[in-house]
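Scroll down for the structure; my scribbles are underneath it.
There are 2 protein chains.
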Amino acid sequence: ALALRDVVKTYDMGTVQVQALRGVSLDIARNEYVSIMGPSGSGKSTLMHVIGCLDVPTSGTYTLEGQMVAEMSENQLAEIRNEQIGFVFQTFNLIPRVSIYQNVELPLVYAGVSRGERRRRTTAAIERVGLADRIKHKPNELSGGQRQRVAIARALVCNPSIILADEPTGNLDSKTGAEIMNILDGLHADGQTIILVTHEDYIAKHALRTVRLMDGMIESDLEAVVS
Amino acid sequence: ALALRDVVKTYDMGTVQVQALRGVSLDIARNEYVSIMGPSGSGKSTLMHVIGCLDVPTSGTYTLEGQMVAEMSENQLAEIRNEQIGFVFQTFNLIPRVSIYQNVELPLVYAGVSRGERRRRTTAAIERVGLADRIKHKPNELSGGQRQRVAIARALVCNPSIILADEPTGNLDSKTGAEIMNILDGLHADGQTIILVTHEDYIAKHALRTVRLMDGMIESDLEAVVS
Ligand SMILES: Nc1ncnc2c1ncn2[C@@H]1O[C@H](COP(=O)(O)OP(=O)(O)OP(=O)(O)O)[C@@H](O)[C@H]1O
Ligand SMILES: Nc1ncnc2c1ncn2[C@@H]1O[C@H](COP(=O)(O)OP(=O)(O)OP(=O)(O)O)[C@@H](O)[C@H]1O
Ligand SMILES: [Mg+2]
Ligand SMILES: [Mg+2]
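What follows is the structure, encoded as structure tokens:
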């Protein structure tokens, strides 16, 4: 489904350069379930942004479904970001002044889905993450874990084939976290590709392969032992 | 050190009322080490905001160091929030357009600390959370876990006697999280009062007492068994 070759991402800070990714090569096939782990600052979110077509590598190539991302048109990229890839951001990135209903509905609006169908899918997504009774709240009228769940609902509402989840349970208690993992496991069983960043071993165990980053490079890339 | 009696916090949403806290009573003595746990949305952050004098209860009383918070002057409250209490927010609440150095320095500026002393204490706090090489970065030029550590450094820079940490390791890998817990354990050994919200049992175990919330009420309040 996707292939990165020698991807480098450097931030130029004037006096110094920060090398967030230092030559990452990675293949992920369709319907894989991959966890990405590594220390704080090791490049996980940067890698996810490259995979999600939200950030351009400084050098190296990224091929998605057989096509070089660097050669795609703006329209193509917009559609990929909105409909093919569902991104749960580490810092949620919700729109502050509108309700969570409108936050979750937005990708469907961009996708040109009809109003009745939008209503049906938006309410279903919000119910699935247990927030039906908070549907009119704005993000700042929610708890941290509730905001995280809105970000998850929004990422899933277009039924994307690739789900990128950057620490989706970081703000959730174990029971609510388990409910979210059930959703992701179910999507994987339905054929989606799941890539999730996590700091927790017990979350990473839901995946079938674990890629570990260290200082912007892949330190290990291991299939899970099926026991 | 602090006493809450029958604290209620209600949010009026027009058509419906959200009862975030439904009558919480709690005593915490000086130099206690308390963890607060409970499901997403159960009222933990709301409780922390009341304790931190950042939010006023709808009813009930809050007494801090023998004085009713409702009777304090604005100046008194400002000093408490800035110098007596160090608050690590669940969503960090950093100032986006200035460097992390300026973010961490700000409480010292408000406290009227001299420039040389501010420099010394700000750099020490930033070094203590392992971010010396990121000192000129702005918050959006940092990883999620790095931002969390800036929020921690800022909360500690005035050497406050009460530390309120709302999920301080949620975005950190286990090694970095352990370093942060070492800092908090050390502060407790020095005599500070530590109150931390966490979803993780192994973090809660650092505390000597665990208060569990459920639907805005205290479900249990237990001293740890020392083994
Ligand atoms: N400004 C607000 N207006 C309306 N409701 C609110 C507001 N802030 C919080 N709430 C509601 O109050 C309840 C308690 O929120 P709080 O942030 O204290 O939960 P929490 O225990 O910290 O949850 P989490 O573990 O997800 O961070 C939630 O159900 C939330 O929706
Ligand atoms: N815009 C930026 N400018 C400069 N440096 C940046 C920028 N964004 C990220 N960095 C740096 O790149 C490195 C990798 O960041 P990234 O967010 O990918 O880490 P991460 O592995 O997701 O960490 P965490 O587990 O803390 O979320 C970090 O050291 C960070 O300071
Ligand atoms: Mg990250
Ligand atoms: Mg909270």
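Residue numbers (my numbering), protein chains in the order written: chain A, 296 to 522; chain B, 296 to 522. By construction, the Cβ of each residue, glycine as well, lies at the ideal position given by its N, Cα and C atoms. The structure presented is a predicted model; accordingly, all values stated were derived computationally and were not measured.
*Can you list the residues of chain E that B/M308 reaches, using a CB-CB cut of under 8 Å?*
Of the chains in the structure shown, none is chain E; the protein chains are A and B.
_B/K339 beta carbon near ligand 4 (any heavy atom closer than 7 Å)_ = yes
*Would you mind stating whether A/A499 and A/T493 have Cβ atoms separated by less than 8 Å?*
yes
*Beta-carbon proximity check, B/I478 vs B/R413, cutoff 8 Å*: no
*Going along the chain, which unbroken runs of the alpha helix (DSSP H) with 4 or more residues stay wholly within the stretch 298–370 of chain B?*
339–346
*Can you say whether A/G411 is buried or exposed, counting buried as having 16 or more other CB atoms within 10 angstroms of its CB?*
So A/G411 ends up on the exposed side.
*Please classify B/Y497: is it buried, with 16 or more other beta-carbons within 10 angstroms of its beta-carbon, or exposed?*
Residue environment analysis places B/Y497 among the exposed positions, since fewer than 16 neighbouring C-beta atoms fall within 10 angstroms of its C-beta.
*Is there at least one Cβ from chain B nearer than 8 Å to A/K470's Cβ?*
yes
*asked:* Run through chain A and tell me which residues come within less than 9 Å of B/S340, C-beta to C-beta.
replied: S438 and G439
*asked:* Within the continuous beta strand (DSSP E) that includes A/I375, where are the two ends?
replied: Premise fails: A/I375 is in no beta strand (DSSP E) and is neither H nor E.
*In chain order, what residues of the stretch 383–416 of chain A put their CB closer than 7 Å to some CB of chain B?*
Q385 and T386
*Find the residues of chain B that neighbour A/G318, judging by a C-beta separation of less than 7 Å, and give them in chain order.*
Those do not exist, as A/G318 stays about 19 Å from chain B at its closest Cβ, beyond 7 Å.
*Going by the beta-carbon positions, is the gap between B/G338 and B/L316 smaller than 8 Å?*
yes
*The alpha helix (DSSP H) with B/A450 in it runs from where to where?*
G439 to L451
*Within 8 Å (strictly less), CB to CB, does B/G347 reach chain A?*
Under the Cβ distance rule, B/G347 does not count among the residues neighbouring chain A, no pair being separated by less than 8 Å.
*Are the C-beta of A/E422 and some C-beta of chain B separated by less than 8 Å?*
no
*Under a CB-based cut-off of 8 Å, is A/S456 close to chain B?*
no
*asked:* Residues of the stretch 461–487 of chain B in Cβ contact with chain A at a cutoff of 7 Å, in chain order, please.
replied: E462, G465, N466, L467, D468, S469, K470 and T471
*Quick one: which chain B residues come within Cβ less than 7 Å of A/H494?*
L467, D468 and S469
_contact_flag[the stretch 367–385 of chain B, the stretch 444–456 of chain B] where n(CB pairs < 8 Å) is 3 or more_ = yes
*asked:* Does the beta-carbon of B/L437, which I'm using as the reference point, lie nearer than 7 Å to any heavy atom of ligand 2?
replied: Because some heavy atom of ligand 2 lies under 7 Å away, the Cβ of B/L437 counts as near it: yes.
*For A/N466, verify whether its CB is less than 7 Å away from any heavy atom of ligand 1.*
yes
*Alpha carbon of A/S469 to alpha carbon of B/G511, nearest angstrom*: For A/S469 and B/G511, the distance between alpha carbons rounds to 18 Å.
*When the Cα of B/S438 is compared with those of A/N435, A/Q385 and A/L389, which residue comes out closest?*
A/Q385
_Nearest to B/V520 (by Cα), restricted to the options B/R507, B/E514, B/M509 and B/A502_ = B/A502
*List the residues of chain B that A/L352 touches, going by C-beta distances under 9 Å, in chain order.*
According to the sequence displayed, residue 352 of chain A carries Pro and not Leu. Those within 9 Å of A/P352 in chain B number zero; the least Cβ separation is about 17 Å.
*asked:* Just verifying my parser: in three-state terms, what is the DSSP assignment at B/L401?
replied: For B/L401, the secondary structure class from DSSP, reduced to helix, strand or coil, is helix.
*Classify B/I447 as buried or exposed, calling it buried when 16 or more other Cβ atoms lie within 10 Å of its own Cβ.*
buried
*For B/N388, which option in B/G486, B/P334, B/P434 and B/N466 has the closest C-alpha, if you only look at C-alpha atoms?*
B/P434
*Who does B/D516 pair with in a DSSP beta bridge?*
B/V506
*Can you grab the Cα-Cα spacing for the pair B/I346 / B/E474, in whole Å?*
26 Å
_Count Cβ pairs between the stretch 351–366 of chain B and the stretch 299–312 of chain B that sit closer than 8 Å; are there 3 or more?_
In short, these stretches touch, since the Cβ pair count reaches three.
*Out of A/G472, A/M343 and A/R444, which has the shortest C-alpha to C-alpha gap to A/A244?*
A question about residue 244 of chain A goes unanswered here, because the residues of chain A that appear run from 296 up to 522.
*Closest by C-alpha distance to B/G440, when choosing among B/I421, B/T464 and B/A420*: B/T464
*How many Å lie between A/L482 and A/T488 at the Cα?*
8 Å
*asked:* Could you tell me the alpha carbon to alpha carbon distance between B/M308 and B/R415, rounded to whole angstroms?
replied: 46 Å
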